[in-house]
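In my numbering, the protein residues as written are 1 to 132. Notes for the one structure printed next.
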């Protein structure tokens, strides 16, 4: 296990800490109870995935950076189908809310994001991947 999980369920946030460095490594925002978080004026929390698809594609096209490793650059998809923008340290997971899936963003610290998508599922505790 690579991380420790600490819930702040009263405010709708889960935090994950790197066990080696004992530093904050990821923050997940609950799609139903979490605070709204925006990136460049676009609200991310609790949105329908289809609402964010155009934003994801547009943002990914602006992130292409030849100085970054290929496995970090641009839009990637994880093993559960969630989109990754690792150069921003962002994973847009889905969380069930009634009849709809809503966006549950997970923000990664650079030391985790730069390891690439192959490592993300191992770094983030299984508990996060089972939240739906």
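Virtual Cβ for every residue (Gly too), placed ideally from N, Cα, C.
Rounded separation between residue i and residue j - CA only
i, j, result
"residue 101", "residue 20", "34 Å"
"residue 10", "residue 97", "18 Å"
"residue 30", "residue 126", "16 Å"
Buried/exposed call for residue i, threshold 16 Cβ in 10 Å
i, result
"residue 44", "buried"
"residue 48", "exposed"
"residue 32", "exposed"
"residue 62", "exposed"
Those residues which DSSP pairs with residue i across a bridge
i, result
"residue 95", "102"
"residue 29", "13"
Proximity to residue i [Cα-Cα], best of the options
i, options, result
"residue 103", "83, 59, 88", "83"
"residue 94", "81, 65, 87", "81"
"residue 24", "129, 130, 124", "124"
"residue 64", "77, 85, 79", "85"
Any beta strand (DSSP E) of 3 or more consecutive residues that is wholly inside the region 51-90: Counting whole runs of 3 or more residues, the region 51-90 contains the beta strand (DSSP E) stretches 83-85.
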